[in-house]
Amino acid sequence: MSSPRRACPICTREIAVVGGRFARHDPPGRRTVLELISCPGSRRIAPMMAPAEKLFDPEEPPIPGQQPLF
1 MSSPRRACPI CTREIAVVGG RFARHDPPGR RTVLELISCP GSRRIAPMMA
51 PAEKLFDPEE PPIPGQQPLF
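Numbering follows our numbering, in which position 63 of the sequence shown is assigned residue number 63; successive positions increment by one, without gaps.
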């Protein structure tokens, strides 16, 4: 199972979001040295996604023939 991906706010690359934070990643482009450099957007808190759609309206009366569960 893969992690959801969102655009990094700094480098705009699609990055995995793990535990509510962007995964550590390198900035785009070629490296001139062998040193690994993390993007400043690494490990930042990712913004929440849009709220989930409701499956039913709690204000709507139940369908005829069904009894309430509780």
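All C-beta atoms in this analysis are idealised placements derived from N, C-alpha and C, irrespective of residue type, glycine included.
Source: prediction; values computed, not measured.
Segment limits, beta strand (DSSP E) that includes residue i
| i | result |
| --- | --- |
| glutamate 14 | 14–18 |
| alanine 7 | 5–7 |
Per-residue DSSP class, three states only, for residue i
| i | result |
| --- | --- |
| isoleucine 45 | strand |
| phenylalanine 56 | coil |
| arginine 24 | coil |
Residues that DSSP places opposite residue i in a beta bridge
| i | result |
| --- | --- |
| arginine 30 | In the DSSP output, where bridge partners are listed per residue, arginine 30 has none listed. |
Rounded straight-line distance, which links the Cα of residue j to that of residue i
| i | j | result |
| --- | --- | --- |
| isoleucine 15 | valine 33 | 23 Å |
| arginine 59 | serine 3 | Looking at the sequence shown, residue 59 is not arginine but glutamate. Rounded to the nearest angstrom, the two C-alpha atoms are 35 Å apart. |
| arginine 30 | methionine 48 | 31 Å |
| phenylalanine 56 | valine 18 | 30 Å |
Neighbourhood of residue i by C-beta distance below 7 Å, restricted to the same chain and skipping five residues each side
| i | result |
| --- | --- |
| arginine 43 | Arg21, Phe22, Arg24 |
| glycine 41 | Cys8, Pro9, Ile10, Cys11, Phe22 |
Residues of its chain near residue i, where Cβ-Cβ distance is below 8 Å and the 5 sequence neighbours each way are ignored
| i | result |
| --- | --- |
| proline 28 | Cys11, Arg13 |
| arginine 5 | Glu14, Ile15, Ala16, Val17 |
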